[in-house]
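For reference, the structure is listed below as structure tokens.
Protein chains: 2
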Amino acid sequence: MAANLRQVAARAGVSVRTVSNVVSGFPLVAPATRERVQRVIDELQYKPNAAARHLRGGRSGLVALVLPEIASPYFGELAGHLADGAEAYTWTLLVQQTGGDATRERELLDGVRGQAVDGLIVSPWALSPAELTRRPDSAPLVLLGEQDADGLLDHVAIDNVAAAAAMTRHLITSGRTRIAAIGLQPHLANGTAARRAEGYRQALRAGGIAYGKELEVDVESLHRADGAAAMRRLLDAGTEVDAVFCFSDQLALGAMHVALERGLSVPGDLAVAGFDDIEDGRYANPALTTVSPDKAALAEAALACLASHSREPRPGRRIVVPHHLEIRRSA
Amino acid sequence: MAANLRQVAARAGVSVRTVSNVVSGFPLVAPATRERVQRVIDELQYKPNAAARHLRGGRSGLVALVLPEIASPYFGELAGHLADGAEAYTWTLLVQQTGGDATRERELLDGVRGQAVDGLIVSPWALSPAELTRRPDSAPLVLLGEQDADGLLDHVAIDNVAAAAAMTRHLITSGRTRIAAIGLQPHLANGTAARRAEGYRQALRAGGIAYGKELEVDVESLHRADGAAAMRRLLDAGTEVDAVFCFSDQLALGAMHVALERGLSVPGDLAVAGFDDIEDGRYANPALTTVSPDKAALAEAALACLASHSREPRPGRRIVVPHHLEIRRSA
DNA sequence: CGTTCATATTGCAACGTGGCATGCCACGTT
DNA sequence: AACGTGGCATGCCACGTTGCAATATGAACG
């Protein structure tokens, strides 16, 4: 049975209000009183009741992270940064998985929990920007990833077009001429893959390199298995390729696995590049060349956005965090 | 501005209590009234206030997952299963990272959040079983991993001794005679590594294979970098080895990376085996042989434990979930 | 000695909900 | 006609906290 303010107050011979003042560090408390109350607090191991504080103050101290799946390394690493960073704001991170399902995404955006949370950090998958903005005014929300919702919602992301173009240029510079892309998702409203594809095409065009539909491979989702399947399709189709640029590291690891299985040498016969710079890529064999977004900055910016947004309403912001190419062995 | 019961009641021309009855599905409400109230609820988009419910009912609908770091693939995958499974109990998962720090682990076990949570799922790192049991009676707690706290706390785990022995036997059976182990953590009270070491030694002894200190490599933590460093030490020491059994897949991936870098062939010159069956291992090159714990069962058992424990107090339980060897290419 | 002021402490109310007990009404029974 | 029964609906209260406004205390000053 946890102690409450009343019990502490009774035992210390002061009013409930005074105990509350001590707990919350209100300055107008006599040192002697403060000390006496503090002693009772320690003695009874009093801990403020979060539910009551939440009800009274309207602040839950919770921030929801809404994403397709936490088991995905990229999201896991991001969640780690977010959970660490949240502490500075006295927030605790809550995980909500959508499984990439549109209905579930919609539900979570203003579900039961939506009301009990000080903010939402959302990595949308199936929902279009239009659907994202059309939501009742509840907790502040920040999107991870570039979205066409400028001025309406906050979003934090790297410049995907520039990043994809830079990696493609790297492949061209190192002598590759048949550069495939794995990871397009034409069926999704979520524009991340589209932006990466755009950067890829821009760079090919600028480099005077051939490109076309046969070099672009769609995927259902971004797991290693999808990358593996895509690579198999590409090789089975007999398309000539000397490089693949995958729009996620997981796709790249799956693709590389298949390439090696088929007896290709990486990077000899085939260069493989990824996107995300997940920890696995660093220790892959060969180590994976990748686009490295500054995940810590991404997390920090998202949290700062929420914090500033809950202080005062303002138009949506677009925050771009840095990225760099991490050139390793695979490309 | 979210609607509350009072506003719905006023608009529907009934009492607050009746609206509450409709919301909570209390049967004694006339169908006509129920429908009228429901219409207003939909109209005003009424959503029950979680804080008030929590305060009134003492249930927050939150379960905390306390672990060293969520970015670790094993924990990420486990968190995914837990978040999915929690839904069936109408729980939401909350992530608390300890960074393997004893002080922080202690804090979190009965911290501010500890009181606001319906249960704790804890993967201890630095804390000893004795310290874990010595805590004020707050929310129910279940430990992940085997701990010497039988009868006092619930814990859910695979049989680490048996699993490690089985993998070691597999290495022996496939002809290896100089089998090293990477991943001992003599400085930690947490007994998982110790149990795996025990299984390893048992199997070596039973197989009549040499073992000794020079074959057992300690690590600080379980990251790929630790595995890589351990492998380097092992090779630099000139110890003759034809297999390494790593006590986590991350260690194994780091170790394998170094082995390949040094020009060894895997599994030709060196067999590498891991523990955890994380997704990366499946697509590693070569694919990683590993001990595969049933993570879904682990998650489900942990949640069931919490649920049953919050219904009625009872002595601590020890739940063993199945595991199997996942034999791939690396060993 | 009375007034003023700063400091220290307090009581009241309200946040939104659900348990409890009770009130009300219509209908059927004696 | 009086009474009992059961279906519905309601009012009151408490959960633990904090904002607000008011009050008590003591010191300083005219």
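Which chain is which? The protein sequence lines are A and B, in order.
Position in the first sequence (first residue = 1) + 175 = the numbering used here.
Position in the second sequence (first residue = 1) + 175 = the numbering used here.
Quick reminder that beta carbons are idealized off the backbone N, C-alpha and C, glycines included.
Starting from residue i, find everything on chain A with Cβ-Cβ shorter than 7 angstroms and list it in chain order.
i: aspartate 259 of chain B; result: Gln272
i: histidine 432 of chain B; result: Tyr458, Asn460
When you compare the CB of residue i with every CB in chain B, is at least one pair closer than 8 angstroms?
i: proline 248 of chain A; result: yes
i: glutamine 290 of chain A; result: yes
i: arginine 443 of chain A; result: A small fix is needed here, since residue 443 of chain A is glycine in this sequence, not arginine. Not an interface residue.
i: arginine 399 of chain A; result: yes
i: leucine 508 of chain A; result: Past the edges of chain A, shown from 176 to 506, lies residue 508 of chain A, and the structure says nothing about it.
i: histidine 484 of chain A; result: no
i: leucine 166 of chain A; result: Because chain A in this structure spans residues 176 to 506, residue 166 of chain A falls outside the shown range and cannot be described.
i: serine 235 of chain A; result: yes
i: leucine 428 of chain A; result: yes
i: alanine 301 of chain A; result: no
According to DSSP, residue i sits in a beta bridge with which residue or residues?
i: serine 467 of chain A; result: A/His499
i: arginine 493 of chain A; result: A/His330
i: leucine 318 of chain B; result: B/Val297, B/His330
i: isoleucine 357 of chain B; result: B/Val392, B/Cys421
i: phenylalanine 450 of chain B; result: B/Val466
i: glutamine 290 of chain B; result: In DSSP, glutamine 290 of chain B forms no bridge with anything.
i: leucine 269 of chain A; result: A/Ala239, B/Leu269
By the criterion of Cβ-Cβ separation under 9 angstroms, what are the contact partners of residue i in chain B?
i: asparagine 179 of chain A; result: Under the 9 angstroms cutoff, chain B gives no residues; its nearest Cβ is about 11 angstroms from asparagine 179 of chain A.
i: leucine 439 of chain A; result: None at all; the shortest Cβ gap to chain B is about 12 angstroms.
By the three-class DSSP mapping on this structure, what secondary structure does residue i have?
i: isoleucine 384 of chain B; result: coil
i: phenylalanine 201 of chain B; result: coil
i: valine 238 of chain B; result: strand
i: glycine 188 of chain B; result: coil
i: valine 441 of chain B; result: coil
i: threonine 343 of chain B; result: helix
i: glutamine 182 of chain A; result: helix
i: histidine 432 of chain A; result: helix
i: tyrosine 375 of chain B; result: helix
i: tyrosine 458 of chain A; result: helix
i: glutamate 244 of chain B; result: coil
i: alanine 506 of chain B; result: coil
i: tyrosine 249 of chain B; result: helix
Given that residue i touches chain A, what residues does it touch there, using C-beta distances under 8 angstroms?
i: glutamate 282 of chain B; result: What glutamate 282 of chain B touches in chain A: nothing, since even the nearest Cβ is about 11 angstroms away.
i: isoleucine 245 of chain B; result: Ile245, Gly251, Ala254, Gly255, Ala258
i: alanine 448 of chain B; result: Residues of chain A passing the Cβ test: none, with the nearest at roughly 16 angstroms.
Would residue i pass as an interface residue toward chain A - the criterion being a Cβ-Cβ separation below 8 angstroms?
i: lysine 222 of chain B; result: yes
i: threonine 193 of chain B; result: no
i: glutamate 454 of chain B; result: yes
i: alanine 356 of chain B; result: no
i: leucine 435 of chain B; result: yes
i: alanine 263 of chain B; result: no
Give me the chain A residues within the contact set of residue i, using Cβ-Cβ distance strictly less than 9 angstroms, ordered along the chain.
i: arginine 279 of chain B; result: Chain A residues near arginine 279 of chain B: none, gap ~10 angstroms exceeds 9 angstroms.
i: serine 467 of chain B; result: Correct list: empty, because the minimum Cβ distance to chain A is about 15 angstroms.
i: alanine 340 of chain B; result: Going along chain A, no residue has its Cβ under 9 angstroms from alanine 340 of chain B, so there is no contact; the nearest lies around 27 angstroms.
i: alanine 184 of chain B; result: Near alanine 184 of chain B there are no residues of chain A at all, since even the closest Cβ is about 19 angstroms away, more than 9 angstroms.
Can you pull the chain B neighbours of residue i, defined as C-beta to C-beta under 8 angstroms?
i: alanine 205 of chain A; result: The premise fails here: alanine 205 of chain A is roughly 26 angstroms from chain B at the closest Cβ pair, so nothing lies under 8 angstroms.
i: alanine 404 of chain A; result: Per Cβ cutoff of 8 angstroms: no residues; alanine 404 of chain A is ~12 angstroms from chain B at best.
Name the chain B residues whose beta carbon is nearer than 7 angstroms to that of residue i?
i: alanine 476 of chain A; result: Here the premise fails: no neighbours, minimum Cβ distance about 18 angstroms.
i: alanine 227 of chain A; result: Leu230
Quick test of the definition: if touching needs 3 or more C-beta pairs under 8 angstroms, does the segment 272-282 of chain B touch the segment 330-337 of chain B? no
Hey, is the segment 452-468 of chain A in contact with the segment 419-436 of chain B, meaning 3+ C-beta pairs nearer than 8 angstroms? yes
Pair every Cβ in the segment 495-503 of chain B with every Cβ in the segment 483-503 of chain A, then say whether three or more of these pairs are closer than 8 angstroms. no
Is it a yes or a no for the segment 214-229 of chain A touching the segment 207-218 of chain B, going by three-plus beta-carbon pairs under 8 angstroms? no
Do the segment 443-456 of chain B and the segment 245-252 of chain B touch if we need at least three Cβ pairs shorter than 8 angstroms? yes
Contact between the segment 337-354 of chain B and the segment 371-382 of chain B is defined here as three or more beta-carbon pairs at a separation below 8 angstroms; is this criterion met? yes
The segment 399-416 of chain B in contact with the segment 362-378 of chain B per 3-pair CB rule at 8 angstroms: no
On the three-pair Cβ rule with 8 angstroms, is the segment 249-269 of chain A touching the segment 219-231 of chain A? no
Is it true that the segment 462-477 of chain A meets the segment 177-191 of chain B, where meeting means three or more beta-carbon pairs spaced less than 8 angstroms apart? no
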